[in-house]
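A quick write-up on the structure given underneath.
Chains as they are written, first to last, in the numbering used here: chain A, 1 to 96; chain B, 1 to 382.
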């Protein structure tokens, strides 16, 4: 979580408010699998579904593991692509 | 990777990790846990994250009650550096038919004998517990305040880390291809990264346990069945308990993070290894949940996913060993309620594997019950 007036804090996942330091701490512990980082830290679980944080974290993982960025496996992008209200979805069944 | 181990646990879900921890805690050495992808990649990480004592059979009530008592102290027990997000907001089980009312009263009788603090509530009392509940058509409900939620990823991580500290080796991204047996004895497992020779295998690979058991000619009556879930954006806390309706096949809970997690069982679901979400689910889930809990219509769905129940014919887990094959132990077929009974299951399986007297009887969960036709049906599952 972010303290006020701290300019050295880098937010990596802005939906879930996860900092670069938190991500790096997990990577240092040996969690170098994006799937695991997502489940333990909630990175990419917010409304943007990782559109912002995934490329940033993949860079961190590439740096930490020495692998090229293109070889870092991504997590599954799940539907809906953009958040939709339950009320809207509930109204959808009769409009076939 | 050719090597040996005293025990090989197949499956890195909460059950496998709990068994690994409990075996190691008893001083057992040289345990290897193999997971084909990452920890919680199967049913554990896809489950609805609810935990409850309100079951219909005495043994499930006991397994669940003991497990919840263990969840209460799990962070300390496992010395976890973090939170397993345990929440006891209760479970409110809704009754819409006379038959359900009758069954729920029967269940309460079983639960009260075992000291489970569940109770019958009228529709008015149910509305006091969940103020935004639509009581239309509702005949009553049962409520147990000790039930609630726990984070499956964190819980599994806690068990895995504690097991590793006790010497358990966890190998991820290694798939067991087949079991090896000779002369009525387990001799090892063949994995995508080589053979591990071992006299004991503990199979807890969810639905995939069926395929692995088949490699040594054992037919497990397990069928995979897809169940779907969605999660909403987080909002301020507004709903304490899990609301569950067997009539609608639905459950819905606000987790400590603030988001609502909800799922639906579809009786017409084909029995196959399909883990993809469908748009039909979104519509059906939305229609049903906004009827029971109308204000949720304003919440946005962020994500949906699916996972597999490993269903047995009586919707009860298979715990124990396979007769005729020495060293072959099973903990599978949890039929959708494995996560919530994982703490006690791990303890019981460790006791059973080491030949000790188990803290609770597990013989009714034996694999041979299907051949004998002695099904042991749990009435209260979605």
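Ideal placement from N, C-alpha and C gives every residue a C-beta, glycine not left out.
Since the structure is predicted, the reported quantities are computational estimates derived from the model, not experimental observations.
Residue range of the unbroken alpha helix (DSSP H) whose run includes residue 240 of chain B: From DSSP, residue 240 of chain B is part of no alpha helix (DSSP H); its letter is neither H nor E.
Where residue 87 of chain A meets chain B, residues with beta-carbon distance less than 7 Å: Chain B residues near residue 87 of chain A: 290, 297 and 298.
Three-way DSSP call (helix, strand, coil) for residue 9 of chain B in this model: strand
Selected residue, minimal CA-CA separation from residue 127 of chain B, among B:94, B:213, B:358 and B:151: B:94
Integer-rounded CB distance, given that residue 83 of chain B should sit under 8 Å from residue 154 of chain B: 7 Å
7 Å Cβ cutoff, residue 293 of chain B in contact with chain A: no
Proximity test, Cβ basis, 7 Å: residue 286 of chain B and chain A: yes
Burial state of residue 226 of chain B, where buried means 16 or more other Cβ atoms lie within 10 Å: buried
Residue 96 of chain A burial status per 10 Å Cβ neighbour count (16 or more: buried): Reliability fails at residue 96 of chain A, whose pLDDT of 46 lies under 50, so the model's placement of it is uncertain and no value is given.
Whether residue 380 of chain B touches residue 55 of chain B by CB criterion (7 Å): yes
Option in B:91, B:159, B:302 and B:336 with minimal Cα separation from residue 310 of chain B: Of the listed residues, the one whose Cα sits closest to residue 310 of chain B is B:336.
Beta-carbon spacing of residue 108 of chain B, residue 341 of chain B below 7 Å: The answer is no: Cβ separation not under 7 Å.
Reduced DSSP category for residue 310 of chain B - H, G, I as helix; E, B as strand; rest coil: strand
Environment of residue 10 of chain B [buried if 16+ CB atoms lie within 10 Å]: buried
Reference residue 21 of chain A, options A:56, A:67, A:83 and A:73, closest by Cα: A:56
Residue 292 of chain B to residue 250 of chain B span [Cα, whole Å]: Roughly 10 Å separates the two Cα atoms.
Where residue 83 of chain A meets chain B, residues with beta-carbon distance less than 8 Å: 233, 300, 301 and 302
Reference residue 166 of chain B; option with closest CA among B:4, B:355, B:5 and B:27: With distances taken between Cα atoms, residue 166 of chain B lies closest to B:27.
Residue of B:213, B:332, B:130 and B:320 minimising C-alpha distance to residue 237 of chain B: Minimum Cα distance to residue 237 of chain B is reached at B:130.
Backbone CA spacing between residue 74 of chain A and residue 375 of chain B [nearest angstrom]: Straight-line spacing of the CA atoms in residue 74 of chain A and residue 375 of chain B works out to 43 Å.
7 Å CB neighbourhood of residue 343 of chain B in its chain, flanking five on each side removed: Answer for residue 343 of chain B: 18, 67, 70, 71 and 74, listed in chain order.
Three or more C-beta pairs below 8 Å linking the region 132-147 of chain B and the region 111-120 of chain B: Below 8 Å, enough C-beta pairs join the region 132-147 of chain B and the region 111-120 of chain B to call them touching: three or more.
Beta bridge counterpart(s) of residue 321 of chain B as assigned by DSSP: Beta-bridge pairing links residue 321 of chain B to B:329.
Proximal residues of chain A, C-beta to C-beta of residue 320 of chain B below 7 Å: Chain A residues near residue 320 of chain B: none, gap ~31 Å exceeds 7 Å.
Simplified DSSP state of residue 385 of chain B, which is helix, strand or coil: Residue 385 of chain B is absent from the model: chain B starts at 1 and stops at 382.
Same chain, Cβ closer than 6 Å to residue 13 of chain A, neighbours up to 5 away in sequence not counted: 43 and 53
Own chain, CB closer than 8 Å to residue 29 of chain B, minus 5 neighbours either side, in chain order: 6 and 167
Sequence-distant residues of the same chain with beta carbon closer than 6 Å to residue 210 of chain B, five excluded per side: 220 and 222
is_contact[residue 251 of chain B, chain A] using C-beta, thresh 7 Å: no
Exposure of residue 182 of chain B, with buried meaning 16 or more beta-carbon neighbours within 10 Å: exposed
For residue 303 of chain B, three-class secondary structure by DSSP: Looking at residue 303 of chain B - three-state DSSP - the assignment turns out to be strand.
Contacts of residue 33 of chain A in chain B (Cβ-Cβ under 7 Å): 38
First through last residue of the alpha helix (DSSP H) which encompasses residue 275 of chain B: Neither: residue 275 of chain B is in no alpha helix (DSSP H) and is coded neither H nor E.
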